[in-house]
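Just below is one structure, and these are the notes that go with it.
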DNA sequence: CATAAAAAGGATAATAAGGTCTTTTAATCT
DNA sequence: AGATTAAAAGACCTTATTATCCTTTTTATG
Ligand code: FES
Ligand code: FES
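Protein chains in written order, with our numbering: chain A, 22 to 164; chain B, 22 to 164.
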C-alpha cells in the first residue's frame with residue numbers, strides 16, 4: 022500500500038508528535054529505536070519531512086525533532102503525499118497511465134470507491150486525533 | 022496498490038478471458054499489444070498464471086492462451102494473491118511485522134476497514150462479471 | 001573559544017522489482 | 001521426418017527502492 026519510506030515516516034511523525042505533546046524533543050537514534058526502523062534511512066525521511074515543514078528539527082546539543090503545536094492539525098494525507106506522491110489518490114488500479122471515468126478500465130468504478138475511502142480516511146485523520154486515540158488504548162509503533 | 026506484475030497480470034487475464042468467450046486463443050504478442058505491456062515481461066507473468074491454473078496455455082502453431090469455461094468464475098483476489106501474495110489482505114498499513122487487533126498500530130481500525138473493502142471487492146468480483154460489465158459500456162485495457 | 005551533540009548532505013552499497021534475451025520444449029503442418 | 005510456430009524456462013540486465021557510511025554544518029554549553 023505505502024512505500025517503506027512512507028511507513029517509517031508515518032510512524033516517526035506519530036512518535037515525534039506524541040513526544041512533542043509531552044514537551045520532549047527526540048533525536049534520530051531514539052526515534053529509530055522506538056519505531057524499530059533503520060536509523061540512517063529514517064534520518065533521510067525526516068529530512069524530507071523537515072524540508073516540507075511537517076516536523077521541525079533543531080541541531081546541536083539537546084536538539085532533535087518536534088511537531089509544533091499548530092502542526093498537530095495536519096492530516097496524514099499530507100505526510101503520505103510528501104513521501105509517496107499522490108498516485109495513490111489518483112492512479113488507476115490496473116496501472117493505466119491515467120484514471121479517467123470517460124474511458125474507464127474494467128475495475129474503475131469498484132476501485133475508485135476504495136481509493137476514495139483511503140483518501141478520505143487520510144484526509145480526515147489529523148495527527149492530533151491519532152495521538153488522542155493512542156491514550157485510549159494500548160497502541161504500538163514497533164513490533 | 023498492486024505491483025506492475027499484478028497490474029499487467031490482471032489486464033492480461035481479463036483480455037484473455039474476453040477473447041476466450043469469443044472462442045479466440047491469443048498469443049503473447051497480441052496480448053501485450055492489446056494491454057500495452059512489455060511483451061517478454063508479460064510472458065513471465067503468464068507463466069506464473071499458467072502454473073497456478075488460472076489461464077491455460079497451448080504451445081505450437083495456433084497455440085496461445087485461454088481462460089477455460091469453468092475458470093470464468095475465479096475471483097480477481099486469486100489472481101492478485103498468485104502475483105502479489107496476500108500481504109495486501111493481511112499486512113499492517115504502517116508496516117509492522119504483524120497486524121493484530123490485540124496490539125494494534127495507530128491506524129489499525131481505520132486501515133483494516135479499507136483493506137477489508139479491497140479484499141471483499143476482489144473476492145466478490147469474478148472474471149465473468151468483469152467481462153459482462155465490459156459489454157455494457159466502453160471499457161479500455163490500454164492507454 | 002573549544003567541545004560535544006545533533007541534523008544535513010553526499011556518496012555508495014545491497015536488495016528487490018521490472019524487464020530482456022536466448023535456449024529448450026512441444027504442437028502442428030507440410 | 002523436417003520445418004515452423006508458439007510457449008516455457010532460465011540466465012541475464014537495468015532501474016528503483018531501501019539502507020548504510022562518512023563528512024560537513026549548526027548550535028548549545030562548559
Ligand atoms: S481507469 Fe482504472 S481505476 Fe480509473
Ligand atoms: S496493526 Fe497496523 S493495520 Fe493492523
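Just so it is clear, CB atoms sit at the ideal spot from N, CA and C, and this is done for glycine as well.
A quick note: this is a predicted structure, and the numbers were derived from the prediction, not measured.
Just how far apart, CA to CA, sit residue i and residue j?
i: residue 143 of chain A; j: residue 118 of chain A; result: 24 angstroms
i: residue 65 of chain A; j: residue 34 of chain B; result: 40 angstroms
i: residue 155 of chain B; j: residue 116 of chain A; result: 18 angstroms
i: residue 126 of chain B; j: residue 161 of chain A; result: 5 angstroms
i: residue 88 of chain B; j: residue 45 of chain B; result: 10 angstroms
i: residue 101 of chain B; j: residue 59 of chain B; result: 19 angstroms
i: residue 131 of chain A; j: residue 140 of chain B; result: 12 angstroms
i: residue 78 of chain A; j: residue 30 of chain A; result: 15 angstroms
i: residue 86 of chain A; j: residue 93 of chain B; result: 54 angstroms
i: residue 56 of chain A; j: residue 69 of chain A; result: 18 angstroms
i: residue 52 of chain A; j: residue 37 of chain A; result: 8 angstroms
i: residue 62 of chain A; j: residue 98 of chain A; result: 21 angstroms
i: residue 124 of chain A; j: residue 158 of chain A; result: 46 angstroms
i: residue 81 of chain A; j: residue 48 of chain A; result: 11 angstroms
i: residue 74 of chain B; j: residue 90 of chain B; result: 13 angstroms
i: residue 108 of chain B; j: residue 28 of chain B; result: 16 angstroms
i: residue 72 of chain A; j: residue 147 of chain B; result: 46 angstroms
Quick one: list the residues of chain A neighbouring residue i, beta-carbon separation under 9 angstroms, in chain order.
i: residue 114 of chain B; result: 22, 23, 28 and 31
i: residue 107 of chain B; result: By Cβ distance, chain A contributes nothing, its closest Cβ being about 13 angstroms from residue 107 of chain B, past 9 angstroms.
i: residue 94 of chain B; result: Within chain A, no residue comes near residue 94 of chain B; the closest Cβ sits about 16 angstroms away, beyond 9 angstroms.
Which residues in chain A have a C-beta closer than 8 angstroms to the C-beta of residue i? List them in chain order.
i: residue 161 of chain B; result: 117, 124, 125 and 126
i: residue 138 of chain B; result: 134, 135 and 138
i: residue 76 of chain B; result: None at all; the shortest Cβ gap to chain A is about 16 angstroms.
List the residues of chain B that residue i touches, going by C-beta distances under 7 angstroms, in chain order.
i: residue 101 of chain A; result: Those do not exist, as residue 101 of chain A stays about 11 angstroms from chain B at its closest Cβ, beyond 7 angstroms.
i: residue 151 of chain A; result: 127
List, in order along the chain, the chain B residues whose C-beta lies closer than 8 angstroms to that of residue i?
i: residue 35 of chain A; result: 127
So which residues of chain A does residue i contact, with C-beta pairs closer than 7 angstroms?
i: residue 131 of chain B; result: 142 and 146
Could you check where the alpha helix (DSSP H) with residue i kicks off and where it finishes?
i: residue 134 of chain B; result: 129-145
i: residue 37 of chain A; result: 25-42
i: residue 163 of chain A; result: Taken as a continuous stretch (DSSP letters only), residue 163 of chain A belongs to no alpha helix (DSSP H), as it is neither H nor E.
Give me the chain B residues within the contact set of residue i, using Cβ-Cβ distance strictly less than 9 angstroms, ordered along the chain.
i: residue 164 of chain A; result: 113, 117, 118, 119, 121, 124 and 126
**Report entry** Runs of alpha helix (DSSP H) wholly within the stretch 46-125 of chain B (minimum 4 residues, chain order)
**Finding:** 49-56, 60-72, 97-105 and 108-111
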